[in-house]
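Below: one structure, written as structure tokens.
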Amino acid sequence: MASGPILRLKGVSKAFRVGPRTLGRPRLLLRALSDVNLEVEAGTTLGIVGESGCGKSTLARIIVGLTQPDAGVVAYEGADLTDLHRRPPAVALGIQMVFQDPYSALNPRMRVGDTILEPLRVHKVVAPQEAPDERDRLLEIVGLSPALARRYPHELSGGQRQRVNIARALSVRPKVIVADEAVSSLDVSVQGQILNLFSDLRDQLGLTMIFVSHDLNVVDHLCERVAVMYLGRIVEEGRGSLLSQGARHPYTRGLASAVPQPIPGRRRVQPAIGGELPSPTNPPSGCVFRSRCPDVQPLCAEVAPTLDPMGPDHRAACHFPLTLRFETPGGRDAADDLTVSSTS
Amino acid sequence: MHNAVQMDAAATPILQVEGLDIEYRSAAQASVAARDVAFSIGRGEVFGLVGESGSGKSTVLRSIIGLLHHKARVVGGAIRVAGQEVTRLNSAALAELRRRHVAMIFQDPLRALNPVMTIGAQLAEVMEAAGLRDRAEIHRRIVGALQDVGLADPEIRMRAYPHELSGGQRQRVAIAAALIRSPELILADEPTTALDVTIQDQILRLLYDLCRDKGMSVLLVTHDLGVVAEVCDRVGVLYAGRLVETGTVAQVLSAPSHPYTAALLASMPRKGERQARLRVIPGRPPESTIDGCPFAPRCAHALPACSAIPPVLAVHGADRASACWRHDELRERLAEEASVG
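See the structure below:
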């Protein structure tokens, strides 16, 4: 499927003005994204992970066109989508979004069938007389009975609602689906059903997917590629497997080992990462992760590391990247990797 | 004599729940929120109560200190805290119970804290309610409590309002408020669900260490079997208001004795397992009470009898119980199922 990047982000930055409006005093500048560069190959699934406030949702919204970046270029199949007001509608339809809360993303007063019919009609995806058949086909693709078309959102379960949202996103035949925490509000057993649906859709329709999530287990399961974000920057990018092994950035490894695993007898004494995310209105100098990094050196406060190649298809922004698996400077997570590799 | 009494108290579980039935009543109907729930928590033990939304786990936790929704009623069974039956206590006695023995940590620390009171004032209120009057002593203990929960600059933090703190810091304050009177039992309802994984990791470790140091018992309600594995000693799995199995964390997670637990473990995406399809539990939990085993309609191992007669939570082996007619014959298959993932 890989046929060059379908989506390319170059130097994308976004800042928001926050805090109280006080006369004569400038409001604080929150840098949500700083110089993000990213390429997504057609037909692949990219996971974007990080703590809340790392900018992952802002990035998703910029890709879909819900937020205008301050600087940088967003290119989709070669077309420049940066200027929201000049996005050619036909091109813009190619990128669709599935939101976190499946209930608030649906109109409570519209039958779910009409929710799916509306984009079919507005964008003339099919001839008007074929629209009901297309609606039923979409419902079946996402594993719902066409009989549910007459129901209202409140009559459906959380999993069914998310399936309706996915059907609506698919109605305009997009090539890229951006899912922002699309399974976070679902129970584990239902979450598995929706994750399998995403895998099936990717395989059957050849979709490119961008999966924004704070749940590393989910991303690790679903995504071939992963970008790890911290304070508005991509700090590491590579194969999805780097969440379980081969991470070069100390943040990636710490984040991954903070995820509780349902395996008894792995209790650690120390937290994986101490401290909290610094304020994005006042980020640390140099490397933004240095205030929480177990391997911090004086250089880290002075020079910001760039996202450098660490091997084939692998980039990390760290002056002192982790080296061999069992020779980490702290030695703290080596045992974690051992546990994981023996159970996988 | 005095010694014998003390030893007796130490041997009594801090919490005993027996045959607990809870119903939600509306004008039209009564629906079962918990049915025949039974478990106990020993002194210094961390017990996890795990289940999906609607399984009744929070309802069971809230029933212990009389914080049920006004439409919910305990209609049967017994709850004993430190040997004292609490289901029929009046509100004054319940208040005394909350003051002396039990503290609670909620999911959303912002809602659990008073937005118009400083952190210090709220912690002082807790101690004044417990009868402490000496201002200097109260101040000293607040600083100590905030230090215990890992808040830097406690003297400054005391003067902060909840909105000035991050989610993780607020949960640290809520934990400080819960622990400051050294209760014997902590009830924690999804205490880390609203937090990032890195902060969850810090808070779970903190809660675990503090309770271990002070010998407190914890009832931790969560939907996350990973959280259970990290901090709990024993665990009970709830499904549709019924406890389907209990046991030590090692037993339940590596060799589940109920098909629901096995299926839940198998449906979780795991670290290092890539691209394969997840095994899912078909369907969803029943919305109304059903006659037989509530899991039977979704169970891969159900027999016709399962839908007719509800299995009881039967003790088998030391400290292990399961509510499945077939747990004996399925033992090996379930362990295999859970580990395949």
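Chains as they are written, first to last, in the working numbering: chain A, 10 to 353; chain B, 1040 to 1380.
Beta carbons are placed, not taken as given, at the ideal position from N, Cα and C, and that holds for glycine.
The structure presented is a predicted model; accordingly, all values stated were derived computationally and were not measured.
Give the C-beta separation of VAL1266 of chain B and LEU1243 of chain B to the nearest angstrom, bearing in mind that I take them to be a contact with Cβ-Cβ under 8 Å.
Looking up residue 1266 of chain B in the second sequence gives position 227. Looking up residue 1243 of chain B in the second sequence gives position 204. That belief holds up - the Cβ atoms of VAL1266 of chain B and LEU1243 of chain B are roughly 7 Å apart, short of 8 Å.
Start-to-end residues for the beta strand (DSSP E) that takes in LEU32 of chain A
In the first sequence, counting from the first residue as 1, residue 32 of chain A sits at position 23. Premise fails: LEU32 of chain A is in no beta strand (DSSP E) and is neither H nor E.
May I ask which residues mark the beginning and end of the beta strand (DSSP E) holding TYR85 of chain A?
The count along the first sequence starts at 1 and reaches residue 85 of chain A at position 76. TYR85 of chain A -> beta strand (DSSP E) spans 80 to 85.
When burial is assigned at 16 or more other CB atoms within 10 Å of the CB, is ARG234 of chain A buried or exposed?
In the first sequence, residue 234 of chain A corresponds to position 225, counting from 1. Within a 10 Å sphere around the beta-carbon of ARG234 of chain A sit 16 or more other beta-carbons, which makes this residue buried.
How is PRO14 of chain A classed by DSSP in three states: helix, strand or coil?
One-based indexing of the first sequence puts residue 14 of chain A at position 5. Residue state, collapsed to three classes: strand.
Does ALA1233 of chain B come out as helix, strand or coil in the three-state DSSP assignment?
Against the second sequence, residue 1233 of chain B aligns to sequence position 194. Of the three classes helix, strand and coil, the one that applies to ALA1233 of chain B here is coil, per DSSP.
Segments of 3+ residues assigned as beta strand (DSSP E) that fall wholly inside the region 97 to 139 of chain A
Along the region 97 to 139 of chain A, the beta strand (DSSP E) occurs as fully enclosed runs of 3 or more residues at 104 to 107, listed in sequence order.
CB contact below 8 Å: SER1346 of chain B versus chain A
Along the second sequence, read from residue 1 onward, the residue named residue 1346 of chain B stands at position 307. Chain A places no beta carbon closer than 8 Å to that of SER1346 of chain B, leaving this residue out of the contacts.
Where are the beta strand (DSSP E) runs, 3 residues long or more, that stay fully inside the region 1127 to 1187 of chain B, in chain order?
Listed in chain order, the complete beta strand (DSSP E) runs (minimum 3 residues) inside the region 1127 to 1187 of chain B are 1141 to 1144.
Who are the neighbours of PRO287 of chain A on chain B, taking C-beta pairs under 9 Å?
Residue numbering aside, residue 287 of chain A sits at position 278 when the first sequence is read from its first letter. Ordered by position in chain B, no residue passes the 9 Å Cβ test against PRO287 of chain A, which lies about 11 Å from the chain.
According to DSSP, simplified to helix, strand and coil, what is PHE207 of chain A?
Mapped onto the first sequence, residue 207 of chain A falls at position 198. Correct three-state label for PHE207 of chain A: helix.
Can a CB atom of chain A be found closer than 8 Å to the CB of GLU1376 of chain B?
Mapped onto the second sequence, residue 1376 of chain B falls at position 337. Not one chain A Cβ lies under 8 Å of GLU1376 of chain B.
Please classify ILE1181 of chain B: is it buried, with 16 or more other beta-carbons within 10 angstroms of its beta-carbon, or exposed?
Numbered from 1 along the second sequence, position 142 holds the residue referred to as residue 1181 of chain B. Around the Cβ of ILE1181 of chain B, a 10 Å sphere holds 16 or more other Cβ atoms; the residue is buried.
Where PRO35 of chain A falls, given that 16 or more other Cβ within 10 Å makes a residue buried:
Sequence index remark: in the first sequence, residue 35 of chain A carries index 26 (1-based). Burial call: exposed.
Could you tell me if VAL197 of chain A is buried or exposed, where buried requires 16 or more neighbouring beta carbons within 10 angstroms of its beta carbon?
Counting from 1 along the first sequence, the entry for residue 197 of chain A is found at position 188. So VAL197 of chain A ends up on the buried side.
Does the beta carbon of GLU60 of chain A come closer than 8 Å to any beta carbon on chain B?
Stepping through the first sequence from its first residue, residue 60 of chain A is reached at position 51. For GLU60 of chain A, the answer is yes, since a Cβ of chain B falls inside 8 Å of its Cβ.
Within-8 Å CB hit, MET1307 of chain B to chain A:
One-based indexing of the second sequence puts residue 1307 of chain B at position 268. Chain A contact via Cβ: present.
Chain B residues whose Cβ lies nearer than 7 Å to that of LEU216 of chain A
Residue 216 of chain A sits at position 207 when you count from the first residue of the first sequence. Per Cβ cutoff of 7 Å: no residues; LEU216 of chain A is ~15 Å from chain B at best.
What is the DSSP secondary structure of TYR1200 of chain B, reduced to helix, strand or coil?
As a first step, residue 1200 of chain B is located in the second sequence; it is residue number 161 there, counting from the start. Looking at TYR1200 of chain B - three-state DSSP - the assignment turns out to be coil, as it is neither helix nor strand.
With DSSP run on the structure shown, which of helix, strand or coil describes GLU48 of chain A?
Reading the first sequence from its first residue, position 39 is the one you call residue 48 of chain A. Strand at GLU48 of chain A.
C-beta contact flag for VAL100 of chain A and LEU90 of chain A at 8 Å:
By 1-based counting over the first sequence, the position of residue 100 of chain A is 91. By 1-based counting over the first sequence, the position of residue 90 of chain A is 81. Their beta carbons are under 8 Å apart, which means VAL100 of chain A touches LEU90 of chain A by this criterion.
Taking 8 Å as the limit between beta carbons, can you name the residues of its chain near PRO117 of chain A, skipping five residues before and five after?
Within the first sequence, numbered from 1, the residue matching residue 117 of chain A stands at position 108. The answer, listed in chain order, is TYR161, PRO162, HIS163.
Coil, strand or helix - HIS94 of chain A by DSSP
Taking the first residue of the first sequence as 1, we reach residue 94 of chain A at position 85. The three-state secondary structure of HIS94 of chain A, taken from DSSP, is helix.
Span of the alpha helix (DSSP H) around ALA191 of chain A
The residue labelled residue 191 of chain A in the question sits at position 182 within the first sequence. First-last for ALA191 of chain A: undefined, no H or E at that position.
Let me see if you follow: with CB-CB separation under 8 Å, is GLY201 of chain A close to chain B or not?
Numbered from its first residue, the first sequence carries residue 201 of chain A at position 192. Between GLY201 of chain A and chain B, the shortest Cβ-Cβ separation is below 8 Å.
Restricting to runs no shorter than 4 residues, where is the alpha helix (DSSP H) found entirely within the region 1282 to 1332 of chain B?
Secondary structure in the region 1282 to 1332 of chain B: the alpha helix (DSSP H) runs of 4 residues or longer, each lying completely within the stretch, are 1288 to 1293, 1298 to 1305 in chain order.
Going by other Cβ atoms of all chains shown within 10 Å of its Cβ, with 16 needed for buried, is LEU1342 of chain B buried or exposed?
Start at 1 with the first residue of the second sequence, and residue 1342 of chain B comes out as number 303. Counting other Cβ atoms within 10 Å of its Cβ, LEU1342 of chain B stays below 16 and is therefore classed as exposed.
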